Amino acid sequence: MKDIKRTKIKELLNTDTFNREVNIKGWVRTKRGNKKIAFIAVNDGSTIHHIQVVAEKEMFNEDLMRDITTGSCISVNGLLVESMGKGQTVEIQAQEIELYGSADPQVYPLQKKGHTLEFLREIAHLRPRTNTFGAVLRIRHAMSYAIHKFFNDSGFYYLHSPIITGSDAEGAGAMFRVTTLDMQNPPKAKDGSIDYTQDFFGKETNLTVSGQLEAELGALALSEVYTFGPTFRAENSNTPRHLAEFWMIEPEMAFYDIHDDMDLAEDFLQYLMKYALENCKDDLEFLNKMYDESLIERIRFIVDNEFQRIDYTTAIDVLKQSGQKFEFPVEWGTDLQSEHERYLVEQHYERPVIITNYPKSIKAFYMKQNDDGKTVRAMDVLFPKIGEIIGGSQREENLERLKSWVNELNIPEKDIWWYLDTRKFGTAPHSGFGLGFERLILFMTGMSNIRDVIPFPRTPKNAEF
RNA sequence: UCCUCAGUAGCUCAGUUGGUUAGAGCAUCUGACUGUUAAUCAGAGGGUCGUUGGUUCGAGUCCAACCUGGGGAGCCA
């Protein structure tokens, strides 16, 4: 086969210089045609669109043509021409075709018809080859890049918080144990308990449930930092919104109060939405057409409209006066339920809502306490369809107040002495928040199950692939 | 974890008050067609009815347990 440098399909579909020899490589989506001519739709993942390869059958080996089936991988040399047919503007008049790998049609599970998302989950190793997952994965990439770009351009530093942690001080959820001990026969201490001093790290260790505490350490030196890494929760959560392994973005900023924090969260989300509209147009249009006809409109709405900011106490009043029947009662001091959040966002304000000043009793120990003694400077950003997308707060920078709350919760000071040290030495007002990356992608793609926005989902009873 | 719905051909589904040989569309295979767009047309092959146990003369259909999946809730991001 003639040695021609490969061009990506995305580039060829956007070109206007024709009648030149090109090479493309990719996977066959469909083959149509008759005895004389074959039309082969090829996709290489560079774009959601396929390029049409036209092959005069008499020019090619019969076995080769037979083996080019849905799912096979080919390399094609040919002339890039304007298409004679309708439905596409350019196509490749094939001169040489090499079959890299066939895909036996009797057993290849992807057909050229639609599949359910449930079925595709069972073949997650092959589903990136579908239009839907190509689109989702490209958007996922674009959002990752946009996140780094936003923070970099805003003067933030990317801080790598540890994945293995020796503390569970935040109590954000059940953790996955990390150990090299022999589980059949673990070493025992005198009192019969497992002797973790003999474990790899000499203490109990787990996978991280949050990089926030470490991010605070970074912020109190570099001023503005963010983390972006995997996070692990061993909760037995079986919902379309939870994963055991997910990715989280956690910016942490010195000298930011709760209002600066909210400003950043709003700017950040609007930036990402705008980035997607500008850079993922084809994929968004596909998803808009196939899954969610209001997807693009909804993203645009976020970009164009200010978020509603209200106090927790106001939210309770609004809910009480709504006249709505809720399954769970609305009471000051209790956390808002999904149904309450949905009412506020989707019916009452009809836009993203940021709720602040939550009761102390339902929030975490590191949040800054207000002078009323009852509330803390927490803020949750609630989005339509998916609920809480961001949770954050101004942090308690006063050592004594922080210590007293830590003691109330019986968290041993020896476990978080290093965290308390930041308040002891050169403490500073600071704030931060956490964004669940997959929840963002859920919103950006119109997918409705979080297992469809991560390549290989980890959920209770499932770690396949 | 709780509530609820579902599991029948490779995929999506139908299958009546329990009753002869379990059906359809798509996919696959064979044939037809000079440019197709999830091509079209004709024909063919394809089943341990999720698993185990029970009721019955007889179970895809009824009962129980379990497994797997969807939706809702809780926990949360």
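Under this note's numbering, the first sequence has 603 at position 387, and the numbering climbs by one with no breaks.
Beta carbons are placed, not taken as given, at the ideal position from N, Cα and C, and that holds for glycine.
Computed from a predicted model, the values in this text were never measured in an experiment.
| Check | Outcome |
| --- | --- |
| Alpha-carbon to alpha-carbon, Arg593 and Asn401 | 47 angstroms |
| Given Ile605 as reference, the closest of Asn454, Ile571, Gly249 and Arg674 once Cα atoms are compared | Ile571 |
| Buried or exposed (CB count within 10 angstroms, at least 16 for buried), Ser377 | buried |
| For Lys241, three-class secondary structure by DSSP | strand |
| Where the beta strand (DSSP E) containing Tyr574 begins and where it ends | Val569 to Pro575 |
| Beta bridge counterpart(s) of His646 as assigned by DSSP | Ala470 |
| Complete runs of the beta strand (DSSP E) confined to the region 427-506 [at least 3 residues] | 440-448 and 461-470 |
| Anticipated Cβ contact below 8 angstroms, Arg639 with Asn614, distance rounded | 7 angstroms |
| Boundaries (first-last residue) of the alpha helix (DSSP H) holding Thr223 | First-last for Thr223: undefined, no H or E at that position. |
| Member of Ser262, Pro467 and Arg248 whose CA lies at the smallest distance from the CA of Glu227 | Ser262 |
| Reference Ile290; option with closest CA among Ala362, Ala257 and Gly650 | Ala257 |
| Inter-stretch contact (C-beta, 8 angstroms, three-pair minimum) for the region 270-284 and the region 220-236 | no |
| Alpha helix (DSSP H) segment containing Thr529, residue limits | Tyr528 to Gln537 |
| Gln414 (DSSP reduced to helix, strand or coil) | helix |
| For Val519, the first and last residue of its enclosing beta strand (DSSP E) | Premise fails: Val519 lies in the alpha helix (DSSP H), Leu511 to Asp520, not in any beta strand (DSSP E). |
| Distance between beta carbons of Asn422 and Thr381, contact taken as under 8 angstroms | 6 angstroms |
| Beta-carbon proximity of Thr447 to Ala431, cut-off 7 angstroms | no |
| Proximity of Glu468 and Gly648 at Cβ, strictly below 7 angstroms | yes |
| Counted within 10 angstroms of its Cβ, other Cβ atoms place Ile526 as buried (16 or more) or exposed | buried |
| Pick from Asn573, Val534 and Ser577 that is closest to His556, judged by C-alpha positions | Val534 |
| Sequence-distant residues of the same chain with beta carbon closer than 6 angstroms to Glu314, five excluded per side | Met217 and Ser291 |
| Buried versus exposed call for Ala580 [16 or more other C-beta atoms within 10 Å across all chains shown] | buried |
| Inter-residue spacing [alpha-carbon to alpha-carbon] between Met300 and Glu307 | 9 angstroms |
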